[in-house]
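To keep things clear, I will list the structure first and then write my remarks on it.
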Amino acid sequence: MRELSFSEAIREAMAEEMRRDPTVFLMGEDVGVFNGVWGVSQGMYDEFGGERVRDTPISEISIIGNALGAAMTGMRPVAEIMFSDFLMCAGDQIANQVAKARFMSGGKANVPLTIRVTTGAPGSAGAQHSQSSESWFLNIPGVKIVVPSTPADAKGLLKTALRGEDPVLFFEHKMLYASKGPVPEDPDFMVPFGKAAVVREGKDVTIIALSIMLPKALEAAEELAKEGIQAEVIDPRTLVPFDKDTLIQSVAKTGRVVIAHEAHKRGGPGSEIAAVLAEEAVEYLDGPILRVAAKNVPLPYSPDLENYVLPGKQDILAAVRSFKIHSK
Amino acid sequence: MTEKMTEKYAIDLLAEMFRRMNLVREFELRAIAERRGGLIPGFIHSCVGQEATAVGACLALQPGDAITSTHRGHGHLIGKGGDPKYMMAELAARSPGYCLGRGGSLHISDYDLGILGANGIVAGGIPIAVGAALSFAMRKQPNIALAFFGDGATNEGAFHEAANQAGVWKLPVIFFCENNLYGEGTPQHKQAAVKDLAVRASSYGFEGVIVDGNDILAVYDATLAAAERARSGGGPTMIEAKTYRQRGHYEGDPQVYRTPEEIEAWKGKDPIPSFRRRLVETGVFTDADLEEMEGSVFKQLDEAVAFAAAAPRPEPGDALAGVYADVHDGLVF
Ligand SMILES: Cc1ncc(C[n+]2csc(CCOP(=O)(O)OP(=O)(O)O)c2C)c(N)n1
Ligand SMILES: [Mg+2]
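Line by line, the protein sequences give chains A and B. The opening residue of the first sequence carries number 1 in the working numbering; numbering runs sequentially from there. The opening residue of the second sequence carries number 1001 in the working numbering; numbering runs sequentially from there.
Right, here's the structure in full:
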């Protein structure tokens, strides 16, 4: 299969849907002439023009609110927010408007709206440009939350978002943009929401890894294999809807869980996942549910401090080794 | 002519204008070089070409006045008296840096000098400046606040809410817009349907004035007038200073959104050589005087870079301290 980078896969999903459906359009800060600050929309302005690849003023409230209004009235907007940290600037529109429109209207409002946003620490970007804010929205019923880790998933999940009828927050980790992987060419290739991917099978421990932590978990699993420990690596891919079953089945087999994400540990996605497992899979557990996550401090500028705060492969290894698994 | 210039402006002030503008320019060029060289790990948004706005506005303020800055904030810091040594150390992520290496260029601050921080959030500092002005007013302190922000920032809701409130409460604050014609890659005319952003002030009930942002004396005069108005209970003023950033939005920006001709034309209106010429032509300083000042700026920055390079790096575990004023095991567990 041909390989694409993560950002190429996202661009391909958007461009294909825009060719197919005239109601799909992209709007955001510098998505057009500038090609997006991360280059994700490279060439799209040239192909689709400024009407459908719309540069907006620096106005996050307006970007999200406009996209919502357009979605309610027949368009399928993709609204890009440059950094997930800036989602807070549009906080009311997301939390009180976008997420609640369908429910509050008794199902009358249709909200086919995709909010694409970059997430995670690109290195020394400081406390306001590095956050992984997926879990801020977990407590807001009404938005779907998608956190892809591979180019194929990025494309297939984005297609599902663009063809769906619900608002989606689509989190793209900046350090994944350049990563490459096989991506199907079929223009109808879609990855369903609410279906976790078992990326590597194993019987000794389950590592649940989100976003940038997936490649790190796979590296860790490789090392663990040399020690005779067979780690199963699972990527939930979407946090809302959430695929409990795949995780519980895995835990039933391994009895041990490590949850890895780059968001802060307190209140991060792992808190919710751990709670679900504690409620529904406790009988299978042979040890504590461990979380590998960023420490509970703002992300520092200094690389010395930042590396200390962010989770890495070593932290996953340490967590798994703490189970003192004796390979059979 | 000399008479006129020195009648209106103290000679020390003119010298300080020249020195600080050069300090800003040279700081930027060194920082860019040191980033390439690897001393500085993070992004830099340089203000090369915008020295007159930063320095001219800050020199019109009093030491106890407060400013809020932006992502393009090195000039504001130096303008308000920031020390390039600690700035360079901060950019190099070293312990003696202004923010202990935690903030970097984007979040640099010096609370002792009334610099309430650069900001990674466009328009994020504007309501904070209004809050500082509120505090001065409530405590009957004779100080004022000045918010620096770009043209693009005036399109954020935060600007509107802050300006409206300052207008209603007649707070001692200056809204200082450095209009460099672009917000990242998007030109102002694609972001706002008005030609002059200063007109926005009228909808908040205060005056908006336009100045040539590459003329430090014009910037100084306008800011001083606004400061006097604010200090005497006359409320806010918005100043729109028309200027230009000569380099990319950030270092490495391919600048596909503007032409080399446009950049060259604006380099012809560079605020530093034009002020230099004026100082010599009016006989305020000789060429030799100015060369000496330039030399001392160079030396100061040599020292700043050497200081930063030799400064210790923070210990990784330091990251856990200083998130809260309190110390409690349950805070950052
Ligand atoms: C809330 C928010 N939105 C977007 C950005 C990304 N961003 C950083 S600087 C910038 C342009 C700001 O333009 P302007 O206010 O004119 O300042 P300039 O960069 O020209 O000095 C943008 C869009 C941000 N940092 N914060
Ligand atoms: Mg600007």
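Even for Gly, the Cβ is constructed at its ideal location relative to N, Cα and C. Model, not experiment: these values are computed from the prediction.
### Message
Would GLY1131(B) pass as an interface residue toward chain A - the criterion being a Cβ-Cβ separation below 8 Å?
### Response
The residue labelled residue 1131(B) in the question sits at position 131 within the second sequence. Chain A contact via Cβ: absent.
#### Entry: Below-8 Å beta-carbon distance, TYR1086(B) vs any chain A residue
Translated into the one-based positions of the second sequence, residue 1086(B) becomes position 86. Judged by the 8 Å Cβ criterion, TYR1086(B) is not in contact with chain A.
### Query
Is ASP1151(B) near ligand 2, judged by its Cβ being under 7 Å from some heavy atom?
Against the second sequence, residue 1151(B) aligns to sequence position 151. The answer is yes for ASP1151(B).
### Task
Using only alpha-carbon positions, find the residue among THR118(A), ILE289(A) and ARG54(A) that is nearest to VAL205(A).
Working through the first sequence from its first residue, we reach residue 205(A) at position 205. The shortest C-alpha separation from VAL205(A) is found at ILE289(A).
### Task
Please specify which runs of the beta strand (DSSP E), each continuous and at least 3 residues long, are wholly inside the region 78-132 of chain A, giving them in chain order.
114-119
### Message
Assuming contact is defined by CB atoms lying nearer than 8 Å, are GLU1156(B) and ILE58(A) in contact in what I supplied?
### Response
Taking the first residue of the second sequence as 1, we reach residue 1156(B) at position 156. Taking the first residue of the first sequence as 1, we reach residue 58(A) at position 58. Result yes, Cβ atoms of GLU1156(B) and ILE58(A) sit closer than 8 Å.
### For ALA101(A) and GLU272(A), the rounded distance between their alpha carbons
In the first sequence, the residue the question calls residue 272(A) occupies position 272. In the first sequence, the residue the question calls residue 101(A) occupies position 101. Going by the C-alpha atoms only, they are around 25 Å apart.
### Task
Could you tell me whether the Cβ of LYS1190(B) comes closer than 8 Å to any Cβ of chain A?
By one-based count along the second sequence, residue 1190(B) stands at place 190. By this cut-off, LYS1190(B) is an interface position.
### Message
Please list the terminal residues of the continuous beta strand (DSSP E) segment that includes ILE289(A).
### Response
Here residue 289(A) refers to the residue found at position 289 of the first sequence. Note, ILE289(A): beta strand (DSSP E), 289-294.
### Message
Residues of the region 1149-1167 of chain B in Cβ contact with chain A at a cutoff of 7 Å, in chain order, please.
### Response
GLY1152, ALA1153, ASN1155, GLU1156 and GLY1157
### Query
Closer than 8 Å, Cβ to any Cβ of chain B: which residues of the region 112-134 of chain A, in chain order?
GLY123, SER124, ALA125, GLY126, ALA127, GLN128 and HIS129
### Query
Looking at the C-beta of TYR308(A), does it have a partner C-beta in chain B at a distance below 8 Å?
Numbered from 1 along the first sequence, position 308 holds the residue referred to as residue 308(A). By this cut-off, TYR308(A) is an interface position.
### Task
Please list the partners that TYR1257(B) has in chain A, where partner means a Cβ-to-Cβ separation under 8 Å.
Numbered from 1 along the second sequence, position 257 holds the residue referred to as residue 1257(B). Those are VAL33 and PHE34, listed as they occur along chain A.
### Message
I'd like to check one pair, VAL111(A) with PRO167(A): are the Cβ atoms closer than 8 Å?
### Response
Here residue 167(A) refers to the residue found at position 167 when the first sequence is read from its first residue. Here residue 111(A) refers to the residue found at position 111 when the first sequence is read from its first residue. Taking 8 Å as the Cβ cut-off, PRO167(A) and VAL111(A) qualify as a contacting pair.
### CB contact flag (LEU158(A), PHE137(A), <8 Å)
By one-based count along the first sequence, residue 158(A) stands at place 158. By one-based count along the first sequence, residue 137(A) stands at place 137. Going by C-beta atoms, LEU158(A) is not nearer than 8 Å to PHE137(A).
### Query
Straight-line CA distance for ALA1319(B) to LEU1106(B)?
Here residue 1319(B) refers to the residue found at position 319 when the second sequence is read from its first residue. Here residue 1106(B) refers to the residue found at position 106 when the second sequence is read from its first residue. So the alpha carbons of these two residues sit roughly 18 Å apart.
#### Entry: Test: GLU279(A) CB closer than 8 Å to a CB of chain B
By 1-based counting over the first sequence, the position of residue 279(A) is 279. No, its Cβ sits nowhere closer than 8 Å to a Cβ of chain B.
### Task
Going by DSSP, name the residue or residues bridged to MET1238(B).
As a first step, residue 1238(B) is located in the second sequence; it is residue number 238 there, counting from the start. Per DSSP, PHE1175(B) and GLY1208(B).
### Under 7 Å by beta carbon: chain B residues contacting ILE61(A)
What you label residue 61(A) is simply residue 61 of the first sequence in a count that begins at 1. Simply GLY1157.
### Message
How far does the beta strand (DSSP E) with PRO182(A) in it extend, from its first residue to its last?
### Response
The count along the first sequence starts at 1 and reaches residue 182(A) at position 182. Looking at the DSSP string, the run of the beta strand (DSSP E) that includes PRO182(A) is 180-182.
### Query
For ARG1277(B), which residues of its own chain have a beta-carbon under 6 Å away from its beta-carbon, when the five flanking residues on both sides are left out?
Within the second sequence, residue 1277(B) is the residue found at index 277, counting from 1. Contacts found: none.
### Task
Give a yes or no on whether 8 Å exceeds the smallest Cβ distance from ASN66(A) to chain B.
Stepping through the first sequence from its first residue, residue 66(A) is reached at position 66. No, ASN66(A) lies away from the interface with chain B (no Cβ there is under 8 Å from its Cβ).
### Query
Is the closest heavy atom of ligand 2 to the C-beta of TYR1182(B) under 7 Å?
Counting from 1 along the second sequence, the entry for residue 1182(B) is found at position 182. Flag set: Cβ of TYR1182(B) near ligand 2.
### Task
Could you name the residues of the same chain whose beta carbon sits closer than 7 Å to that of HIS1071(B), not counting the 5 residues immediately before and after it, in chain order?
Here residue 1071(B) refers to the residue found at position 71 of the second sequence. Closer than 7 Å at Cβ, skipping near neighbours: HIS1045, LEU1106, ALA1118, ASN1119 and GLY1120.
### chain B within 8 Å of LEU305(A), Cβ atoms only
Working through the first sequence from its first residue, we reach residue 305(A) at position 305. Yes, LEU305(A) counts as interfacial toward chain B.
### Message
For ILE248(A) and GLU283(A), which I take to be in contact (beta-carbon distance under 8 Å), what is that distance rounded to the nearest angstrom?
### Response
Sequence index remark: in the first sequence, residue 248(A) carries index 248 (1-based). Sequence index remark: in the first sequence, residue 283(A) carries index 283 (1-based). In fact, because the Cβ distance is near 10 Å, the residues do not count as touching under 8 Å.
### Message
Please tell me whether THR56(A) and ILE63(A) are closer than 8 Å, where the distance is taken between their beta carbons.
### Response
Working through the first sequence from its first residue, we reach residue 56(A) at position 56. Working through the first sequence from its first residue, we reach residue 63(A) at position 63. Yes.
### Query
What do you reckon, is the C-beta of GLU60(A) under 7 Å from a heavy atom of ligand 1?
Taking the first residue of the first sequence as position 1, residue 60(A) is located at position 60. Under cutoff, so the answer is yes.
### Query
Which bits of chain B does LYS100(A) rub up against, with CB to CB less than 9 Å?
Taking the first sequence and counting its residues from 1, the one referred to as residue 100(A) is at position 100. Per Cβ cutoff of 9 Å: no residues; LYS100(A) is ~20 Å from chain B at best.
### Query
Should ASP1318(B) be flagged as near chain A, meaning a C-beta pair shorter than 8 Å?
The sequence position of residue 1318(B) within the second sequence is 318, counting from 1. Closer than 8 Å to some Cβ of chain A, the Cβ of ASP1318(B) qualifies, so yes.
### Query
Helix, strand or coil: which one does DSSP assign to GLU201(A)?
As a first step, residue 201(A) is located in the first sequence; it is residue number 201 there, counting from the start. If DSSP states are grouped into helix, strand and coil, GLU201(A) belongs with coil.
### Task
Provide the residue span of the alpha helix (DSSP H) that contains THR1286(B), from first to last.
If you number the second sequence from 1, residue 1286(B) lands on position 286. Where THR1286(B) is concerned, there is no enclosing alpha helix (DSSP H), given that its DSSP letter is neither H nor E.
### Query
At least one CB of chain A closer than 8 Å to the CB of VAL1305(B): is that the case?
Position 305 of the second sequence, counted from the first residue, corresponds to residue 1305(B). Not closer than 8 Å to any Cβ of chain A, the Cβ of VAL1305(B) fails to qualify, so no.
### Message
Can you list, in chain order, the residues of its chain with a C-beta nearer than 8 Å to that of CYS1099(B)? Leave out the 5 residues immediately preceding and following it.
### Response
Locating residue 1099(B) in the second sequence gives position 99, counting from the first residue. Within the same chain, CYS1099(B) has close Cβ partners GLU1090, HIS1107, ILE1108 and SER1109.
### Query
Which residue spans inside the region 1058-1115 of chain B form an unbroken alpha helix (DSSP H) run of at least 4?
1074-1079 and 1084-1091
### Cβ-heavy atom distance, ARG1072(B) to ligand 1, below 7 Å
For the purposes of this step, residue 1072(B) is taken as residue 72 along the second sequence, with counting starting at 1. True, at least one ligand heavy atom lies under 7 Å from that Cβ.
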